[in-house]
Amino acid sequence: MSSPFETLYKVLSQEKQRGCDNRLVIGGLEKLADTWAPQAIVQVAGEEERQLIQEIATLLRRYPELEVSERAPFLNAILDKIAARRSAFTAPVPSPDVSVAEKAEPAPLPQRPPARTARRVASPFGGLDESVERLPGIKRAMAERLARLGIRSVGDLLTHFPRRYIDYRTLKTISQLRYGEEVTILGVVQSCQMRDTRSGKRIVSCIISDRTGVVEITWFNQPWLVDKLPPGTPIVVSGRVDQYLGRLVFQHPEWEEVDRRQIHTGRLVPVYPLTEGLTQKWMRDVLDRLVRSATPSLPDYLPAARRERLGMPALGEALRQIHFPDNPEALEQARRRLAFDELLFIQLGVLRQRHRWRSEPARPVHVDRNLLEEFVAALPFGLTNAQRRVLEEIMADLEQTVPMNRLLQGDVGSGKTVVALAAMMVTAANGGQSAMMAPTEILAEQHYRTITRLLEPFAALQSNLDLSVRLLTGSTPAAERETTYADISSGRAKLIVGTHALIQETVDFHDLRLVVIDEQHRFGVQQRTALRDKGYNPHMLVMSATPIPRSLALTLYGDLDLSVIDEMPPGRQQIKTYWLSPLERERAYSFIRSQVEQGRQAFIICPLVEESDKIEAKSAVEEYARLSNEVFPDLKLGLLHGRMSAEEKDAVMTRFRNGELHILVSTAVVEVGIDVPNATVMLVEGANRFGLAQLHQFRGRVGRGEHPSYCLLLADATTPEAEARLRIASETHDGFRLAEEDLKLRGPGEFFGTRQSGLPDIRVAQLSDMPLLQLAREEAQDIFRCDPDLSQPEHQLLAQKVNQFWRKPTDLS
């Protein structure tokens, strides 16, 4: 056994090396004095050594009162005292990893079991791409469980970050325990027994003591702990102080032996996302071994000079601190570094996409300003200043020899379609073709009717200008479809509106110069690319009625130029929005009936069911049946949900738009693009389950005609966050402000929905962190300016990481 003086000598030497911060051992050296001295006294034979132990303990209790500059000389004095008693040392033993073994109370028995050695650090790993099965302690069964979390490689495991942390740094004696606190105690096992309950549970009960008292600790269904914790074992316990039969107890706390590195107790303890068959303790043990073996030699893809200028920790240190932080400050620095990396990868990816796009030539479109003004003058309404500004931005792009790649944002009813039509008209005046692709047939038909109506008076004045419009969808009759194919192929059709049917192999454009994609986030990568590939580097305009906060737009669509119509046409009514409780449901139904009696129509949105489309559809069918049979048996109701085919959805919407249905019961599929001017009421059931952006889109389905319109938000049980959303939704009608608030409240993943965002997997970054987002953007631009291909030696690792980050099929445009 190591001499107590030898052990203390090593601890105090390490404290000096750390800069005398008094953080080497849990509770500081003053706590060490209280636990080391009693244990040391029973291990020495002579009275002289006992007196020296008491003297050193008294000195150590004064340590925290000293200024940091006074501590090193103070420790030297104690080390000199120990050195003078070298003859009392036994043979030295290797120092344990930052051990707190010295802090346990003496056992009541004359001798305790020998200390366990510190955890073995895993042997150096072969690489981040290796299977997790190559790591010590991970067999096939555990690897299969990890795979359910998306963890297959060593790199996946290393970036499986904690979802939260429990602060077990508060060290207390047993006499200081208070009910409900999260604390850590140091003590010695006095007894450990197991008993069976009538319900079949096996309860292990341990009595732990320190110099101030005793406390009972219980664990359920862990019988092996009886052998693991024999009397005399010094342990660290961290958990919530509970109460049982009037006594303070710990129930199922974390624990560790004091001669091992503390990763479960006495610190900021990580809590990881898990799946069935995995435990927090196992996950921490595995990641502790991996972090210690992998991070010291992990190459850093961020060049050292740039990292130092930004004040960022090295990659290995950031990974170590995010898994097992030394303190909150180190954790925040680690998070900032890893979040910055993710944002940098995104920015480099979108800059590369923009560079590739702009490196390809495009045929410029000559803009006849007089003709454009004649088109605007022939419209049945005037353009807003915002529409004119955006129109000028688009025209300037069309005249360039590089392809336009522009995102046009505008709130519901802001007038995006007429701006896109102007670009299509100018393209036709140059003899070229333009194609507008919409996500649904009903939306494509809506655009076709709008474009035909708006073009008609202008076309009547331009007899020498070919402005023929065609519609192509899956429902286009066979004979008409063949004629449309021929008109597109010959160039007779100049403005083509359609759905996915536009990208079929049988569609062959004569001279596609402009692509317009409506509600672009509803299309997959391959669909957008397929339409773009129908022409020779055509100009592209993508439109979105879902207001996207500027921070997200810069991040997601940094490769696109951004135009925003931030002004509504005059006369556009503001929809009255009311937040109702479940007790006001009957009142809402009565209001809908009164509107129907006045000749109006209504939407009723079913609650969001997150488990699956199938469950959500079933819920909608049940709600439709209830409303039809019990609430509105005398009215005509229609049903719309995500499990219906496109043809079925379009048939229902056509009936509703034509006035054949009074009420449309729907899931969230109705949120975008439907134009029914006679609909004046939008009732959203379970409104607390939807985000602000989605609620605003629902609201935009009404108020499209001349009649006053209303949005009723019916919330069931709400959380403070949901109440905040509903309050903002009922008070605010500015879609962009709502989008910013939604991003703050819910984050980017929920803002878009994972399938719509197009983003790679962001694990640490918050896209609402504008300062860090701007910093990443500036750094990416700086890197790209001097090395757009990331081919310089210091950027080769960075290039690999960016490629890996974007390896999932995606298209930023």
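Start counting the sequence shown at 3; every next residue gets the next number (my numbering).
Using N, Cα and C, we set each Cβ at its ideal position, and we do this for glycine too.
Every value quoted in this text rests on a predicted model; they were computed, and no experiment measured them.
Given Pro94, which residues of its chain have a CB within under 6 Å of its CB, disregarding the five upstream and five downstream residues?
Reliability fails at Pro94, whose pLDDT of 38 lies under 50, so the model's placement of it is uncertain and no value is given.
For the 8 Å Cβ check, are there 3 or more pairs between the region 568-583 and the region 707-721?
yes
Rounding to the nearest angstrom, what Cα-Cα distance links Val288 and Leu300 in this structure?
18 Å
Alpha helix (DSSP H) containing Gly318: first to last residue?
Leu317 to His325
Counting C-beta neighbours from all protein chains within 10 Å, is the total for Met772 16 or more, i.e. buried, or is it exposed?
exposed
Distance check for Leu270 and Leu179, CA to CA, integer angstroms please.
19 Å
Contact under 9 Å by Cβ, Pro236 with Glu259:
yes
Using the C-alpha atoms, what's the distance from Val191 back to Ile209?
6 Å
Please identify the residue among Glu743, Leu304 and Pro571 whose C-alpha is closest to the C-alpha of Leu792.
Leu304
Would the region 10-24 count as touching the region 76-86 if we require 3 or more Cβ pairs under 8 Å?
yes
Which residue comes first and which comes last in the beta strand (DSSP E) that contains Tyr167?
Arg166 to Asp169
Return the residue from the list Val217, Pro584 and Val598 that minimises the CA-CA distance to Gly248.
Val217
Cα-Cα separation between Ser201 and Gln224, rounded to whole angstroms
15 Å
For the alpha helix (DSSP H) containing Met426, name the first residue and the last one.
Lys418 to Ala431
Residue closest to Leu34, alpha-carbon to alpha-carbon, out of His162, Glu649, Gly182 and Leu188:
Leu188
Looking only at its chain, what residues have a beta carbon closer than 8 Å to the beta carbon of Arg657, apart from the 5 residues adjacent to it on each side?
Gly640 and Leu663
N-terminal and C-terminal residue of the alpha helix (DSSP H) that Lys283 is part of:
Gln282 to Ala296
I need the DSSP call for Pro236, collapsed to helix, strand or coil.
strand
Do you know whose CA, among Arg87, Cys22 and Glu447, lies nearest Glu69's CA?
Cys22
Considering Ile219, what are the terminal residues of the beta strand (DSSP E) in which it resides?
Gly215 to Phe222
Unbroken beta strand (DSSP E) run spanning Glu687, endpoints:
Ala681 to Glu687
Compare the Cα-Cα distances from Ala604 to each of Leu564, Arg534, Asp520 and Gly702 and report the closest residue.
Gly702
Threshold first: 3 residues or longer. Then list the beta strand (DSSP E) segments lying entirely within the region 614-647, N to C.
639-642
In angstroms with no decimal places, state the Cα-to-Cα distance between Arg73 and Tyr65.
7 Å
With 16 as the cutoff for other CB atoms within 10 Å, does Ser71 come out buried or exposed?
exposed
With the cut-off set at 9 Å, would you say Asn539 and Arg602 are in Cβ contact?
no
Val499, DSSP secondary structure in three states
strand
Under 9 Å between the Cβ atoms of Phe511 and Phe377?
no
Spatial neighbours of Arg204 within its chain, please: CB distance less than 7 Å, with the 5 preceding and 5 following residues excluded, ordered by chain position.
Met196, Asp198, Asn223 and Pro225
Tyr591 by DSSP, collapsed to three states: which one?
helix
According to DSSP, simplified to helix, strand and coil, what is Met196?
strand
Please classify Asp1: is it buried, with 16 or more other beta-carbons within 10 angstroms of its beta-carbon, or exposed?
Residue coverage of the chain in this structure runs from 3 to 815, which leaves residue 1 outside it and unanswerable.
Mapping the DSSP letters down to three states, classify Ile519 as helix, strand or coil.
strand
So, does the region 350-357 touch the region 796-809, judging by three or more C-beta pairs under 8 Å?
yes
Output yes or no for whether 9 Å exceeds the beta carbon distance between Ile444 and Leu474.
no
For Phe383, count the other beta carbons within 10 Å of its own beta carbon; 16 or more makes it buried, fewer makes it exposed. Which is it?
exposed
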